[in-house]
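Report on one structure; see the data block that follows.
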Amino acid sequence: MAALGENYRMQRLGKNLGGYFGETLEVHVLLRDLKAAALAHGWSYELVYKIGDLEIFAFRRKATQPAARRVYISTGIHGDEPAGPLAALQMLQANDWPAQFEYWLCPCLNPTGFFLNSRENEDRKDLNRDYRNTESGEVAAHIRWLERQPHFDAAFCLHEDWESHGFYLYELNPDQLPSLAAKMVGAVTPVCPIDMSPMIEGREALGGIINPSLDPSDRPLWPEAFWLLQNKTRLVYTLEAPSDFPLDGRVKALVAAMKAALNQLV
Ligand SMILES: [Zn+2]
Numbered sequence: 001m002a003a004l005g006e007n008y009r010m011q012r013l014g015k016n017l018g019g020y021f022g023e024t025l026e027v028h029v030l031l032r033d034l035k036a037a038a039l040a041h042g043w044s045y046e047l048v049y050k051i052g053d054l055e056i057f058a059f060r061r062k063a064t065q066p067a068a069r070r071v072y073i074s075t076g077i078h079g080d081e082p083a084g085p086l087a088a089l090q091m092l093q094a095n096d097w098p099a100q101f102e103y104w105l106c107p108c109l110n111p112t113g114f115f116l117n118s119r120e121n122e123d124r125k126d127l128n129r130d131y132r133n134t135e136s137g138e139v140a141a142h143i144r145w146l147e148r149q150p151h152f153d154a155a156f157c158l159h160e161d162w163e164s165h166g167f168y169l170y171e172l173n174p175d176q177l178p179s180l181a182a183k184m185v186g187a188v189t190p191v192c193p194i195d196m197s198p199m200i201e202g203r204e205a206l207g208g209i210i211n212p213s214l215d216p217s218d219r220p221l222w223p224e225a226f227w228l229l230q231n232k233t234r235l236v237y238t239l240e241a242p243s244d245f246p247l248d249g250r251v252k253a254l255v256a257a258m259k260a261a262l263n264q265l266v
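Following my numbering, the numbering of the sequence shown begins with 1 at its first residue and continues without gaps.
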């Protein structure tokens, strides 16, 4: 009941009108803490790209079993969405990962965006629209890194949306694999409101779940999720925390959704 009460107290702040004006991150501290937490718990570290003194890095955690399934998680591609990297940090620090998977984690794909508190990178480019005819150094380096990795059983991209009335997610699952979506939404419900709108971002939604019927080849601008679907996995989730709500609850929402997804994938 305590968790439910917390949910009822979690109200829209109403201060994010026309953009995100909530809490921000000190990106140098974030990157230092992410790296420290990963290395402290046995993840390997790889530098993907560097802009000045800001690094994009990838972590990898080997499985304790052979033939483990492979999970990819990324976040921090929009610099005005702090809950994703903070959820990654919290998960790294808690070190409570189901051992039967091998993990790849890119915890902050747009460090200059976080430095500027902007969705885009320092060149005003939305990196999450740059995965087709790629122009940015960040995404070009990320794709080069991804191409060296194996196929993933599932991929998760953690985001935030300042317009939404609660948590929601997109599921790209063209082969009708067992869906993780309902379990994720169910796990978020005690810690954060769910956006129950019938239309979210111009797409039909049901109980906070959007199954976009789309063919990425028809789209000129690809988000990371499309590239992953076309090249690395057949199951991609984009998780959206509601950034007009308090930051703590948004981080809890993303962590709860990821835990539920990994437990369901077992
Ligand atoms: Zn985003």
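C-beta: ideal position from N, C-alpha, C; glycine also.
task = Can you grab the Cα-Cα spacing for the pair A205 / M199, in whole Å?
result = Within the sequence shown, residue 205 is the residue found at index 205, counting from 1. Within the sequence shown, residue 199 is the residue found at index 199, counting from 1. If I take the Cα positions, the gap works out to 5 Å.
ask   = Helix, strand or coil for M258 per DSSP?
value = Here residue 258 is taken as the residue at index 258 of the sequence shown, counted from 1. Here DSSP, grouped into helix, strand and coil, assigns M258 to helix.
message = Which of the three DSSP states is assigned to S217 in this structure?
response = Numbered from its first residue, the sequence shown carries residue 217 at position 217. Looking at S217 - three-state DSSP - the assignment turns out to be helix.
ask   = Is it true that the stretch 22–37 meets the stretch 108–121, where meeting means three or more beta-carbon pairs spaced less than 8 Å apart?
value = Yes, they touch.
CA nearest to the CA of A253, picked from E46, L235, N231, D195 = Here residue 253 refers to the residue found at position 253 of the sequence shown. For the options E46, L235, N231, D195, the alpha carbon positioned closest to that of A253 is the one of D195.
query = Can at least three beta-carbon pairs, one atom from the stretch 79–88 and one from the stretch 164–184, be found at a separation below 8 Å?
reply = Contact between the stretch 79–88 and the stretch 164–184 is absent, because fewer than three Cβ pairs lie under 8 Å.
message = According to DSSP, simplified to helix, strand and coil, what is A83?
response = Reading the sequence shown from its first residue, position 83 is the one you call residue 83. Helix.
query = If you follow the alpha helix (DSSP H) that P111 is part of, which residue opens it and which one closes it?
reply = In the sequence shown, the residue the question calls residue 111 occupies position 111. 111–116 is the extent of the alpha helix (DSSP H) around P111.
key: Endpoints, the beta strand (DSSP E) within which L13 is located   = For the purposes of this step, residue 13 is identified with residue 13 of the sequence shown, where counting begins at 1. That residue, L13, is in no beta strand (DSSP E); it is neither H nor E in DSSP.
message = Is P174 close to chain C? Criterion is C-beta to C-beta, closer than 9 Å.
response = Judged by its chain identifiers, the structure shown contains no chain C, having just a single protein chain.
key: R129 CB to nearest heavy atom of ligand 1 below 8 Å   = Here residue 129 refers to the residue found at position 129 when the sequence shown is read from its first residue. Shortest gap from the CB of R129 to any heavy atom of ligand 1: 8 Å or more.
inquiry  = Using a Cβ-Cβ cutoff of less than 6 Å, which residues in the same chain neighbour E46 once the five nearest sequence positions on both sides are dropped?
reply    = Counting from 1 along the sequence shown, the entry for residue 46 is found at position 46. Once the five neighbours on either side are set aside, the close Cβ partners of E46 are A58.
inquiry  = Which complete beta strand (DSSP E) runs does the stretch 43–98 hold, if anything under 3 residues is left out?
reply    = Complete beta strand (DSSP E) runs here, min 3: 44–51, 54–61, 69–75.
key: Contacts around T233, its chain only, beta-carbon distance under 6 Å, and the 5 residues preceding and following it disregarded   = Within the sequence shown, the letter at position 233 stands for residue 233. Cβ within range, chain order: F152, A155.
ask   = Which residues bound the beta strand (DSSP E) around W269?
value = Summary: the structure shown does not reach residue 269, with the chain confined to residues 1 through 266, and so no result is reported for it.
ask   = What did DSSP end up calling F21 once you bin it into helix, strand or coil?
value = Here residue 21 refers to the residue found at position 21 when the sequence shown is read from its first residue. Correct three-state label for F21: coil.
query = Buried or exposed: which applies to A64, given that a residue is buried once 16 or more other Cβ atoms fall within 10 Å of its Cβ?
reply = Here residue 64 refers to the residue found at position 64 of the sequence shown. Here the sequence assigns Thr to residue 64, which means Ala is not the residue at that position. Per the 10 Å Cβ criterion, exposed.
inquiry  = I need the straight-line Cα distance from P178 to A99, nearest angstrom please.
reply    = Within the sequence shown, residue 178 is the residue found at index 178, counting from 1. Within the sequence shown, residue 99 is the residue found at index 99, counting from 1. The straight-line gap separating the alpha-carbon atoms of P178 and A99 is approximately 21 Å.
message = Tell me whether H142, by its Cβ, gets closer than 8 Å to a heavy atom of ligand 1.
response = In the sequence shown, counting from the first residue as 1, residue 142 sits at position 142. Taking 8 Å as the cut-off, the C-beta of H142 does not count as close to any heavy atom of ligand 1.
task = Assign A3 to one of three DSSP states: helix, strand, or coil.
result = Numbered from its first residue, the sequence shown carries residue 3 at position 3. Residue confidence is low: A3 scores 44 on pLDDT, short of 50, so the model does not pin down where it sits. No coordinate-derived value is stated.
inquiry  = For A155, list the residues DSSP reports as bridge partners.
reply    = The residue labelled residue 155 in the question sits at position 155 within the sequence shown. In the DSSP output, where bridge partners are listed per residue, A155 has Y72, V236.
query = Is it the case that the CB of E81 approaches a heavy atom of ligand 1 more closely than 8 Å?
reply = Here residue 81 is taken as the residue at index 81 of the sequence shown, counted from 1. E81 Cβ: within cutoff of ligand 1.
request  = Taking the CB atoms as reference points, tell me whether R70 and E120 lie closer together than 9 Å.
outcome  = Indexing the sequence shown from 1 puts residue 70 at position 70. Indexing the sequence shown from 1 puts residue 120 at position 120. No, the Cβ-Cβ distance between R70 and E120 is not below 9 Å.
query = So what's R250 in DSSP terms, helix, strand or just coil?
reply = In the sequence shown, the residue the question calls residue 250 occupies position 250. R250 carries a helical assignment under DSSP once its states are collapsed to helix, strand and coil.
request  = Using only the heavy atoms of ligand 3, determine whether one of them is closer than 8 Å to the beta carbon of D244.
outcome  = Here the bound small molecules are ligand 1; ligand 3 is not part of this structure.
query = If you draw a straight line from the alpha carbon of E224 to that of I73, how long is it in whole angstroms?
reply = Walking along the sequence shown from the start, residue 224 turns up at place 224. Walking along the sequence shown from the start, residue 73 turns up at place 73. Rounded to the nearest whole angstrom, the C-alpha separation of E224 and I73 is 11 Å.
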